[in-house]
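For reference, the structure is listed below as structure tokens.
Protein chains: 2
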Amino acid sequence: MRIGELATRSGVSVRALRYYEEQHLLSAERSPSGQRHFPESAVDRVELIQRLYTAGLSSRTIVDLLPCVVDGDATPELLDRLAVERDRVDRQIADLAATRGRLDSVITGAAENLRTGRSCREAATG
Amino acid sequence: MRIGELATRSGVSVRALRYYEEQHLLSAERSPSGQRHFPESAVDRVELIQRLYTAGLSSRTIVDLLPCVVDGDATPELLDRLAVERDRVDRQIADLAATRGRLDSVITGAAENLRTGRSCREAATG
DNA sequence: CTAGAACCTGACGCCGACGTCAGAGGCAAG
DNA sequence: CTTGCCTCTGACGTCGGCGTCAGGTTCTAG
């Protein structure tokens, strides 16, 4: 498929796809006129890339790990880097969970204050 | 305390602290000579700010929500924004958990391939 | 054949959370 | 007094993941 279709199907911009190719995250056949042609599998691959991006991995890291993630093909060194990233994601999740808890208790408390018709500040001074 | 001490105690750079003040995330008394002086409570506050940053909130959002988070003082509108952010964090956690699972199974699979002394690629071609 | 959509390659713009450098005070110790 | 560290205010630099514009080619529908 051409780049426009891949863009709509994977939900990312055409510009982003070109960027991914530039970063060697994605490869494409070229038609004689120079247009990119992607296989069906590119849709999944782009979604995977997005997933890794949102997990905080950089292009550099992703390009190193992708062969391993896609093919299951790894060296001990790659395995290490994968474990490092997984652990980072673990810490990130724990951190977010703590923040979520904090936000939640703030929401609960503030909602309670609203319901009882007074803020903590007012409660303190009055 | 002065800015250097706050920096070492909260684990962020002096530059970052000045930036936080500039963004109205932090306020400081000034000595006659212009040096900032922070109360003890600033340490916790900086850690809270860091927590919210790493949860993906922007300075703009944090500055709006901080009074609420710190004082429990909220309007219905603020409560909405808090809930929006909490839900975003929820989705982020779910997303990360999925990615973590993916990474983990890749690691397991690749480790298995290494242990059995062959890659998937080799397994496919031989 | 032609209009318009889709595609191409540069190349500059952007944004946020700082890093970093410059140049100039301030402050405790010997 | 001076040495040396801390602090100050600008102000420009950075980096990553694109957005966006320019100027040109290519594909497709009528």
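Keeping their order, the protein sequence lines are chains U and H. What the first sequence shows, in UniProt numbering, is residues 1 to 126, in sequence order. What the second sequence shows, in UniProt numbering, is residues 1 to 126, in sequence order. Glycine is no exception: its CB is placed at the ideal position from the N, C-alpha and C atoms. Every value quoted in this text rests on a predicted model; they were computed, and no experiment measured them.
DSSP state of residue i, grouped into three classes?
| i | result |
| --- | --- |
| GLU40/H | coil |
| ARG2/H | coil |
| SER10/U | helix |
| CYS120/H | Unreliable positioning characterises CYS120/H in this predicted model, as indicated by a pLDDT of 48, which lies under 50. The coordinate reading is nonetheless provided below. Reduced to three states, the DSSP call for CYS120/H is helix. |
| GLY126/U | Interpretation of GLY126/U is limited by its pLDDT of 32, a score under 50 that renders its predicted location unreliable; the figure taken from the coordinates is listed afterwards. In the structure shown, GLY126/U sits in coil (DSSP, three-state: anything other than H, G, I, E or B). |
Among the options, whose alpha-carbon lies nearest the alpha-carbon of residue i?
| i | options | result |
| --- | --- | --- |
| ASP44/H | VAL69/H, LEU103/H, ARG36/H | VAL69/H |
| ASP104/H | GLU112/U, ARG81/U, SER105/U, ASN113/U | ARG81/U |
| PRO71/H | VAL106/U, ARG91/U, LEU6/U | The sequence given here has Asp at residue 71/H, not Pro. Residue VAL106/U is the option with its Cα nearest to ASP71/H. |
| GLY11/U | VAL46/U, LEU79/U, THR116/U, ARG88/U | VAL46/U |
| MET1/U | ALA42/U, GLY109/U, THR108/U, PHE38/U | PHE38/U |
| ARG102/U | ASP90/H, SER13/H, SER41/H, PRO76/H | ASP90/H |
| THR108/U | PRO32/H, GLU29/H, ALA83/H, LEU52/H | ALA83/H |
| ALA111/H | GLU29/U, ARG36/U, ASP73/U | ASP73/U |
| THR75/H | SER33/U, ILE3/U, THR116/U, ARG30/U | THR116/U |
| ARG36/U | SER59/U, GLY4/U, LEU52/U | GLY4/U |
Grab me the residues of residue i's own chain with a C-beta within less than 8 Å of its C-beta, minus the 5 sequence neighbours each way, in chain order.
| i | result |
| --- | --- |
| residue 138/H | The structure shown has nothing for residue 138/H, since chain H only spans 1 to 126. |
| LEU57/H | LEU65, GLU85 |
| GLN92/H | ALA55, GLY56 |
| ARG9/H | MET1, VAL43 |
| ARG88/H | GLY56 |
Please go through the same chain and pick out, in chain order, the residues whose beta-carbon is closer than 7 Å to the beta-carbon of residue i, but skip the five residues on each side of it.
| i | result |
| --- | --- |
| ILE49/U | TYR20, LEU25, ILE62 |
| LEU79/H | none |
| ALA7/U | SER13, VAL14, LEU17 |
| LEU114/H | none |
| LEU52/U | ILE62 |
| GLU77/U | none |
Apart from the five residues on each side of it in sequence, which residues of its chain come closer than 6 Å, Cβ to Cβ, to residue i?
| i | result |
| --- | --- |
| SER96/H | Note on residue identity: the sequence assigns Leu, not Ser, to residue 96/H. Closer than 6 Å at the Cβ level, and outside the excluded window around LEU96/H, lies no residue. |
| ARG18/U | none |
| SER59/U | GLN23 |
Along the region 96–111 of chain U, what residues have a CB closer than 8 Å to any CB found in chain H? Going along the region 96–111 of chain U in chain order, one finds LEU96, ALA97, ALA98, THR99, ARG100, ARG102, LEU103, ASP104, VAL106, ILE107, GLY109, ALA110, ALA111 with a Cβ nearer than 8 Å to chain H.
Taking any Cβ of chain U, which residues in the region 33–54 of chain H have a Cβ under 9 Å from it, in chain order? Going along the region 33–54 of chain H in chain order, one finds LEU48, ARG51, LEU52, THR54 with a Cβ nearer than 9 Å to chain U.
Entirely within the region 91–116 of chain U and at least 3 residues each: give me those beta strand (DSSP E) ranges in chain order. Secondary structure remark: continuous beta strand (DSSP E) runs of at least 3 residues inside the region 91–116 of chain U: none found.
Those runs of the alpha helix (DSSP H) which lie wholly inside the region 15–92 of chain U and span at least 4 residues: You should have 41–54, 59–71.
Using a beta-carbon distance cut-off of less than 9 Å, what residues from the region 75–86 of chain H approach chain U? For the region 75–86 of chain H, residues whose beta-carbon sits nearer than 9 Å to a beta-carbon of chain U comprise THR75, PRO76, LEU78, LEU79, LEU82, ALA83, GLU85, ARG86.
Pull out every residue of the region 58–75 of chain H whose Cβ sits closer than 7 Å to any Cβ of chain U, in chain order. Considering only beta carbons, the part of the region 58–75 of chain H lying closer than 7 Å to chain U consists of CYS68, VAL69, ASP71, GLY72, ASP73, ALA74, in chain order.
Closer than 9 Å, Cβ to any Cβ of chain H: which residues of the region 7–34 of chain U, in chain order? Here the close residues number zero.
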